[in-house]
Each structure stands twice: as C-alpha cells, then as structure tokens.
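Undergrad: In terms of the working numbering, the sequence shown opens at residue -5 and continues consecutively.
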Amino acid sequence: MNFWLELTITLFLVLGGVFLLVGSIGLWRLPDIFTRLHGPTKATTLGISSVLFGSMIYQSYHQGSLSVNEWLITLFLFISAPVAANMIAKVALHHENDPGARTKGQELMTRAKNRQSPE
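(1) Quick one: is residue 50 buried, meaning 16 or more other Cβ sit within 10 Å of its Cβ, or exposed?
(2) Label residue 28 either buried or exposed according to how many other C-beta atoms from any shown protein chain fall within 10 Å of its C-beta, with 16 as the threshold for buried.
(3) When you compare the CB positions of residue 47 and residue 72, do they come within less than 9 Å of one another, or not?
(4) Quick check: the segment 29 to 42 against the segment 11 to 18, are at least 3 beta-carbon pairs closer than 8 Å?
(5) In this structure, how does DSSP classify residue -4 when only helix, strand and coil are distinguished?
(6) Counting C-beta neighbours from all protein chains within 10 Å, is the total for residue 45 16 or more, i.e. buried, or is it exposed?
(7) Within 10 angstroms of its Cβ, does residue 38 collect 16 or more other Cβ (buried), or is it exposed?
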C-alpha cells in the first residue's frame, strides 16, 4: 500500500474519531434532551461515516474491487439517525420535559405541548 493511500485512510479514521469524541462530549455536557440530540445525530453520524469511508477505501484496496458493505451501513445511518432523533424529541415533548434556559424555539415547544389531539 502506498504512502498517500495510507495517509488518506488515516485522515478519515482520525477525522471520524474526532467527530465521535466531540459528539460524545456534547452528549455528556449539553444541559437538556433537546440540545443533547445534536451530539448523536450530527457529530456522531459524521464520525461513523468518516470511519466507514476510511474502512471502505482500505477494504476496496485489499479486495481489488469496490466494497459495498460500508456504503450500505452509511446509507442506513444517514436514514435512521434523523428518524431516531425525531422520535426522541417527540417523546421528550410528550413527557413534557422542560428545555434548558438557553434552548432556542421554546415558544414552539409550548405550542406543541398545548396542542389538542386531532380526534
């Protein structure tokens, strides 16, 4: 394996690790559930995608053909992470979790809490 290919793979793995670390720190440090959603949905998705892209380059080099497994995993993550974040936010609204003082869009949350069911 040549130097530039190894360097590219290493950069993707390190970049993915940094994104995962930032997402984990955000999940730990942010004050309420609405702001904590940003850690696993944004930074962690980018981190896993970078690691999988580095893995795809490595596997494609060793197999001699394009590795599709990592593309499928990345596609699944990009589809499922926003859906999971939306469901977590809906559950938090349903259980009437109070947002932190610095959370933006609090007037929308109060309107959503006071909304009547369509029945």
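Idealized CB from N, CA, C, for every residue including glycine. On a predicted model such as this, the values are computed, not experimentally measured, just so you know.
TA: Reading off the structure:
(1) On the sequence shown, position 56 is the one that residue 50 refers to. Residue 50 comes out buried.
(2) Here residue 28 corresponds to residue number 34 of the sequence shown, with the count starting at 1. By the 10 Å Cβ count, residue 28 comes out buried.
(3) Here residue 47 refers to the residue found at position 53 of the sequence shown. Here residue 72 refers to the residue found at position 78 of the sequence shown. No, they are not a contact pair.
(4) Contact between the segment 11 to 18 and the segment 29 to 42 is present, because at least three Cβ pairs lie under 8 Å.
(5) Your numbering for residue -4 matches position 2 in the sequence shown. The answer is coil: DSSP assigns residue -4 none of H, G, I, E or B.
(6) Counting from one through the sequence shown, the residue named residue 45 turns up at place 51. Result: buried.
(7) The residue labelled residue 38 in the question sits at position 44 within the sequence shown. By the 10 Å Cβ count, residue 38 comes out buried.
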